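For reference, the structure is listed below as structure tokens.
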Amino acid sequence: MTVIVTGGAGFIGSNFIFYLLKNHPDHKIVCLDKLTYAGNLSTLSSVLDRIVFEKADICDRKEVERIFEEQKPDVLVNFAAESHVDRSIEDPELFLKTNIIGTSVLMDACRKYGIKRFHQVGTDEVYGDLPLDRPDLFFTEETPLHTSSPYSSSKAAADLLVMAYHRTYGLPVSISRCSNNYGPYQFPEKLIPLMIANALADKALPVYGEGLNVRDWLYVEDHCKAIDLILQKGRVGEVYNIGGHNEMRNIDIVKLICKELGKPESLITFVKDRQGHDMRYAIDPRKIHSELGWLPETRFEDGIKKTIKWYLDNKEWWQEIVSGEYQSYYERMYAKR
Ligand code: NAD
Ligand code: TYD
Numbered sequence: 003m004t005v006i007v008t009g010g011a012g013f014i015g016s017n018f019i020f021y022l023l024k025n026h027p028d029h030k031i032v033c034l035d036k037l038t039y040a041g042n043l044s045t046l047s048s049v050l051d052r053i054v055f056e057k058a059d060i061c062d063r064k065e066v067e068r069i070f071e072e073q074k075p076d077v078l079v080n081f082a083a084e085s086h087v088d089r090s091i092e093d094p095e096l097f098l099k100t101n102i103i104g105t106s107v108l109m110d111a112c113r114k115y116g117i118k119r120f121h122q123v124g125t126d127e128v129y130g131d132l133p134l135d136r137p138d139l140f141f142t143e144e145t146p147l148h149t150s151s152p153y154s155s156s157k158a159a160a161d162l163l164v165m166a167y168h169r170t171y172g173l174p175v176s177i178s179r180c181s182n183n184y185g186p187y188q189f190p191e192k193l194i195p196l197m198i199a200n201a202l203a204d205k206a207l208p209v210y211g212e213g214l215n216v217r218d219w220l221y222v223e224d225h226c227k228a229i230d231l232i233l234q235k236g237r238v239g240e241v242y243n244i245g246g247h248n249e250m251r252n253i254d255i256v257k258l259i260c261k262e263l264g265k266p267e268s269l270i271t272f273v274k275d276r277q278g279h280d281m282r283y284a285i286d287p288r289k290i291h292s293e294l295g296w297l298p299e300t301r302f303e304d305g306i307k308k309t310i311k312w313y314l315d316n317k318e319w320w321q322e323i324v325s326g327e328y329q330s331y332y333e334r335m336y337a338k339r
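Residue numbers for the sequence shown follow the working numbering, beginning at 3 and rising by one.
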């Protein structure tokens, strides 16, 4: 079986490639990635001899069609996206191009050349947010889409297009909507690696607002396993929510990172809140559990320790990143906050 993994040089896509190589060594894997600021070929260096790597933009119809003609994929899993909410607030248009147009270009190629499954990697952020005083509420697959940021709006638009291609053209699609991931190879602009990197450098730890926002954290390998199960046993035309009932307040995560690294909480600095900041995300994962038997396997206490250890053991990976384009992003985003 030939699987195209778009965005495979990014955080979750690369972890998914490692997962496939370990669990399905017979699959042929083609990674299609534009290598934006968030994509790093060095992440895949240990497996480059076992996969095909194609540097291409998912919006580039000619290139996408060439890759389909040459590789004849059976399955495509679309991780390629602009993925950071703060960047989407700075520059929405790029998010619309990659996340919406790119998804449609990929699905057009699937229609033209045929595919057994097009899987769209979605996010729980399409459901908007939940109030802090209603811990009884969770996102189910039936929760209406109700987005807050340009990022989540572009992901919701992509999900709607995916369902439209299923209904209109009969494209065999599936969608997963996962909660916040953490683990190795996450770009240091996101909460957990940013706080680890800053704490190690004894820099301020910028917590937005009062740090009371809640996210439902899932170890990246558990997400990869869920997608693999959906590809194998999930029903075509269905949406599956993925989350592990692991809700944490941002401030508690940052304090935990300080404790694990032996750094003082005095590094924590409350900064201006994110515009339109979602309060709480929380997934109801009953559908994927009852239909596919999926359950998260990594407890947060273990996953966060493994993640911190990975960042300590792999400083050269992220230090190279934080020295490049990221410097000017960090200045823009945090200097006057
Ligand atoms: P990431 O930003 O780490 O990686 C994105 C990858 O896509 C990079 O390798 C980048 O080079 C590539 N890419 C971007 N634009 C491209 C283009 N036009 N053509 C080809 N490649 C392009 O993102 P991530 O955190 O790994 O997220 C992957 C997917 O999972 C995204 O679709 C995201 O919306 C979704 N998701 C992420 C989370 C999370 O917590 N990180 C949670 C739920 C869903
Ligand atoms: P992030 O990792 O950007 O993921 P998302 O916005 O997609 O959930 O942020 C996670 C939470 O952490 C979110 O509530 C915003 C907050 N946050 C901070 O408080 N400070 C930071 O520097 C960053 C990047 C995020």
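The C-beta atom is built at its ideal place from N, Cα and C for all residues, glycine as well. In this text the structure is predicted, and so the values were computed from the model without any measurement.
Assigned secondary structure, residue i (DSSP; H/G/I helix, E/B strand, else coil)
i: residue 153; result: helix
i: residue 208; result: strand
i: residue 238; result: coil
i: residue 270; result: strand
i: residue 262; result: helix
i: residue 220; result: strand
i: residue 179; result: strand
Extent of the continuous beta strand (DSSP E) to which residue i belongs
i: residue 7; result: 4-8
i: residue 121; result: 119-125
i: residue 77; result: 77-80
i: residue 57; result: 54-57
Any non-hydrogen atom of the ligand TYD within 8 Å of residue i CB
i: residue 213; result: yes
i: residue 208; result: yes
i: residue 88; result: yes
i: residue 334; result: no
i: residue 91; result: no
Any non-hydrogen atom of the ligand NAD within 8 Å of residue i CB
i: residue 188; result: yes
i: residue 13; result: yes
i: residue 60; result: yes
i: residue 82; result: yes
i: residue 159; result: no
i: residue 252; result: no
Residue range of the unbroken alpha helix (DSSP H) whose run includes residue i
i: residue 93; result: Note, residue 93: premise wrong, no alpha helix (DSSP H); not H, not E.
i: residue 304; result: 302-315
i: residue 67; result: 63-73
i: residue 109; result: 104-115
Residue j beta carbon less than 9 Å from that of residue i
i: residue 257; j: residue 244; result: no
i: residue 208; j: residue 313; result: no
i: residue 79; j: residue 145; result: no
i: residue 191; j: residue 26; result: no
i: residue 17; j: residue 318; result: no
i: residue 159; j: residue 101; result: yes
i: residue 107; j: residue 210; result: no
i: residue 70; j: residue 33; result: no
i: residue 119; j: residue 178; result: no
Nearest residue (CA-CA) to residue i, options the options
i: residue 247; options: 255, 276, 238 and 217; result: 217
i: residue 138; options: 330, 325, 329 and 284; result: 284
i: residue 39; options: 96, 116 and 295; result: 96
i: residue 110; options: 67, 279 and 322; result: 67
i: residue 150; options: 281, 229, 75 and 250; result: 281
i: residue 324; options: 204, 62 and 199; result: 199
i: residue 156; options: 103, 202 and 13; result: 103
i: residue 276; options: 193, 31 and 20; result: 193
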